[in-house]
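One structure is given below, encoded as structure tokens.
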Amino acid sequence: MTKHSQAGTDGVAVPAIPAGDAARPEGRRLAGGAGEIRAAGGRASSGSDARRGFHLGLSGKLLAFTLAFVLLAEVLILVPAVAAFRLNWLSDRLASARTAALVLDAAPDGMISPQLTQELLRSVGAITVALKRDDTRRLLASSDMPPEVDHHADVRDIGPVQAVREAFDTLLAPDGRIIRAVGTPPRGDGFVEIVISETPLRKAMLRFTGNVLLVSLVIAALTGALVYLGLAWMFVRPMRRLTQRMVAFRLNPALPVLERDDDRRMDEIGQAERELTTMQRQIAETLQQKNHLAALGLAVSKINHDLRNLLSSVQLISDRLADIRDPAVQRFAPKLEAALDRAIAYCEHTLAYGKAQEPPPERRMVALGPLVAEVRDTLGLGAGEDGTGIGFVESIDRDLMVDADPDQLFRVLLNLCRNAVEALRGRAPNDVARDQIRITGRREGAIVIIEVADTGPGVPERARAHLFEAFQGSVSRGGTGLGLAIAAELMQAHGGDLQLVPGTIGATFQLRVPDRPVDLDAHRALRAFG
């Protein structure tokens with residue numbers, strides 16, 4: 001629905017209030033159906049994806065993190081294992097060398113044949129075996145031509161960092177490198193040393209690394225898959241469901257919000273889903289209320305425009321009543337003209353302002369007594385002789401002046417008194433002391449306090465929570481609940497408030513109207529010029 005401009009006979013353009021959210025861009029998306037929204041959302045998403053390029057979803061990111069942590073755990077396990085395997089391999093060779101050293105050292109010189117010596121060296125896997133005791137170093141067995149040593153390895157005292165570094169050095173070493181390994185002797189002080197080729201060690205380390213890596217990868221893959229599936233089931237799936245609910249609600253907020261079994265989870269995901277359900281319901285209620293208000297606003301704008309023209313015609317007729325000399329007509333004609341002038345001015349303000357908010361008050365010092373009397377005459381109330389059985393009692397301080405907009409204060413008092421009449425209407429006629437409306441007014445410092453009380457049934461407890469909200473605070477059948485909302489809004493515009501006084505017979509509403517603050521600088525300037 002598009003905005004319309006209505007012009008009356010007076011030539012004033014009337015901006016119509018849109019019916020529903022269709023007048024706003026987001027309202028048009030809602031009114032246009034899910035297909036239009038989906039198409040627009042698809043275009044926006046395509047452009048956004050084109051700008052961002054390739055990106056991982058939550059599942060992809062979870063998989064990437066799982067793989068990264070599994071690989072990190074693999075490295076932390078594999079590297080120390082390879083370093084320990086190298087030290088164990090060298091320790092085994094040194095242990096065999098210690099056994100051979102005991103045999104060679106115990107035998108007299110020349111009693112060990114060269115063939116036995118070579119057998120011992122082959123059992124150890126060494127090229128030479130030497131033993132150092134005290135200050136002497138003795139070569140127990142050796143091949144015919146000992147090669148030159150390329151690297152030294154002492155397994156007696158080696159730290160974890162050095163063990164890892166030497167393990168990598170062995171893995172990256174070329175074939176045929178000769179190393180000298182030193183370990184503890186069979187007995188006493190000193191050391192036993194062997195010279196061996198590093199190629200068998202390197203090949204054994206490569207085999208061990210491949211086996212450990214294969215087993216670790218299988219275990220890590222199974223563990224990572226279980227972790228991924230568990231996290232995906234517990235977190236990714238609920239988050240995807242939350243996202244789908246948000247998208248569906250954005251496409252069509254009018255869909256009913258249903259309670260879900262997943263909302264019963266007691267963790268943070270369950271709390272997020274419950275909060276989302278609550279938020280969706282509140283937004284849906286707000287949209288429904290705004291649609292209602294917008295439709296009502298459009299109707300009021302149309303009615304207001306035409307009513308202003310009708311009131312102008314009635315005003316022309318009422319002007320002729322002044323020429324009639326009948327005493328009753330002369331008494332009521334000024335009140336009729338004042339009521340018509342106020343109604344026409346209110347229509348003009350509403351049309352010119354063009355919004356749901358009230359225009360700012362035009363405040364001045366107003367006598368409260370005559371204003372209350374005008375409210376009484378407008379409602380046709382008296383001392384109970386008018387046939388309604390409702391009395392009207394005024395208890396206002398003499399010459400009480402209130403700093404307010406007279407038309408807006410009149411509307412506030414008229415709404416409150418009309419609500420009181422509706423609350424008392426239909427009751428059996430009683431004495432004035434029982435069925436009556438009472439207005440009191442007094443000044444307390446810079447605040448004027450006005451109370452409007454009735455002897456009706458009062459305000460039900462269920463209506464008090466939303467008493468001053470539009471379409472919420474009505475307690476009478478067929479009422480709109482706008483009277484109290486309008487009165488509260490006008491009082492807030494004056495810097496005051498409107499409250500329901502608890503613990504009274506019937507309903508008692510209290511208005512607090514503060515005086516405008518005095519501009520001291522301007523006041524001093526006036527006194528200086530005066």
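In the numbering used here, the protein residues as written are 1 to 530. Glycine included, each C-beta is placed from N, C-alpha and C at the ideal position. Note that this is a predicted model, so its numbers are computed, not measured.
Considering only the beta carbon of each residue, do residue i and residue j sit closer than 9 Å?
i	j	result
residue 368	residue 400	yes
residue 246	residue 269	no
residue 496	residue 436	no
residue 459	residue 507	yes
residue 180	residue 204	no
residue 236	residue 67	no
residue 438	residue 393	yes
residue 155	residue 102	no
residue 273	residue 238	yes
residue 454	residue 498	no
residue 146	residue 117	no
residue 452	residue 402	no
residue 190	residue 133	yes
residue 257	residue 281	yes
residue 86	residue 148	no
residue 441	residue 396	yes
residue 97	residue 64	no
residue 361	residue 323	no
residue 178	residue 157	no
Sort the options by Cα distance to residue i and report the nearest one.
i	options	result
residue 119	100, 89 and 131	100
residue 200	252, 160, 122 and 287	122
residue 164	287, 517, 381 and 78	78
residue 422	397, 406, 396 and 389	389
residue 333	290, 253, 377 and 296	377
residue 131	192, 323, 95 and 454	192
residue 363	505, 175 and 514	514
residue 92	196, 248, 395 and 244	196
residue 446	452, 418 and 512	512
residue 381	414, 360, 398 and 498	414
residue 70	285, 273 and 228	228
residue 456	484, 483, 462 and 419	419
residue 283	265, 254, 296 and 406	254
residue 82	160, 124 and 244	160
residue 338	326, 375 and 328	375
residue 516	493, 72 and 142	493
residue 501	398, 361, 464 and 96	464
residue 176	202, 271, 297 and 84	202
residue 244	231, 277 and 267	277
residue 162	232, 80 and 198	80
residue 532	214, 88, 90 and 398	Because the chain here runs from 1 to 530, residue 532 falls outside it and cannot be looked at.
residue 545	297, 248 and 326	Summary: the structure shown does not reach residue 545, with the chain confined to residues 1 through 530, and so no result is reported for it.
residue 336	359, 251 and 379	379
Tell me, please, whether the CB atom of residue i is closer than 9 Å to any CB atom in chain D?
i	result
residue 245	The question asks about chain D, but that chain is absent: this structure has only one protein chain.
Looking at the strands, I want to know which residues DSSP matches up with residue i.
i	result
residue 154	182
residue 366	402
residue 508	453
residue 498	511
Any chance the CB of residue i is under 8 Å from a heavy atom of the ligand COA?
i	result
residue 405	As for the ligand COA, it is missing from this structure, which has no ligand bound.
Taking only runs that begin and end inside the stretch 160 to 246, name each unbroken beta strand (DSSP E) of 3 or more residues, in chain order. 178 to 183 and 191 to 197
So, do the stretch 179 to 196 and the stretch 210 to 226 have three or more beta carbon pairs nearer to each other than 8 Å? In short, these stretches do not touch, since the Cβ pair count stays below three.
At a cut of 8 Å, does the stretch 166 to 173 reach the stretch 212 to 223 through at least three beta carbon pairs? no
Could you pull out every unbroken alpha helix (DSSP H) segment of at least 4 residues lying fully inside the stretch 375 to 457, listed in chain order? For the alpha helix (DSSP H) assignment, the uninterrupted runs of no fewer than 4 residues enclosed by the stretch 375 to 457 are, from N- to C-terminal side, 406 to 424.
Taking contact to mean 3 or more Cβ pairs, one atom from each stretch, closer than 8 Å, check whether the stretch 484 to 500 and the stretch 453 to 469 are in contact. yes
Report yes or no: do the stretch 406 to 423 and the stretch 370 to 378 share at least 3 C-beta pairs separated by less than 8 Å? yes
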